[in-house]
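Asks: I'd like to ask you about the structure that follows.
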Amino acid sequence: MKYFSLLMMGLIACIQGLSAQQKAEPWTPAQLMAPAVLADAITHQKDGNLLILSVGPGAIIKNSIDIGPASDAESLAKLKQVLKTTDKNKEVVIYCGCCPFDKCPNVRPAFKTLTEMGFKQARLLNIEKNVKVNWIDQHYPTQK
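Taken in order, the sequence shown gives residues -20 to -1, 1 to 124; the numbers are from mature numbering (1 follows the signal peptide of the UniProt record, and there is no 0).
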């Protein structure tokens, strides 16, 4: 029984250690928007209540506003300035697309800013690889 207790305590410590090492993302799975959904909204002009913000190296998606890389303090300040005059109930979609989410330095600070400012419909475009593969190569609408 003594060894069983020690084994259980060790197992619990390992599980706690593993969960502490996993970094929690600032978004939930429900806050991710599939590229096809956004493309459909843009194509069928159902994007009137959407604010689409590029927080990466450039605004590639049609009707998006170029904020600049959100890992940069100046760009993050620009994001806050744009959001300051935006209705908190508006659906705000951010995207970067420079690289996969787990490596992207821009989406986390931008999304955290959205939620901290109280936006109820904050969305992150689910660009799993990059904007070329997940948007351009799919022939979704781009800026002219």
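We put the beta carbon where it would ideally sit given N, CA and C, even for glycine.
1) Hey, would you say residue 10 sits closer than 7 Å to residue 106, going by beta carbons?
2) Taking its Cβ as the centre, do 16 or more other Cβ atoms sit within 10 Å of residue 95, making it buried, or is it exposed?
3) In its own chain, which residues sit with a C-beta less than 8 Å from the C-beta of residue 108, not counting the 5 before and 5 after it?
4) Can you look up residue 122 in the DSSP assignment and give me helix, strand or coil?
5) Quick test of your reading: residue 130 and residue 121, contact by CB under 8 Å. State the CB separation rounded to the nearest angstrom.
6) Could you pull the DSSP bridge partners for residue 111 from this structure?
7) Where are the alpha helix (DSSP H) runs, 4 residues long or more, that stay fully inside the region 19 to 83, in chain order?
Replies: The answer reads as follows:
1) no
2) exposed
3) 80, 81, 114
4) strand
5) The question about residue 130 has no answer, for the chain in this structure spans -20 to 124.
6) According to DSSP, residue 111 bridges with nothing at all.
7) 53 to 64
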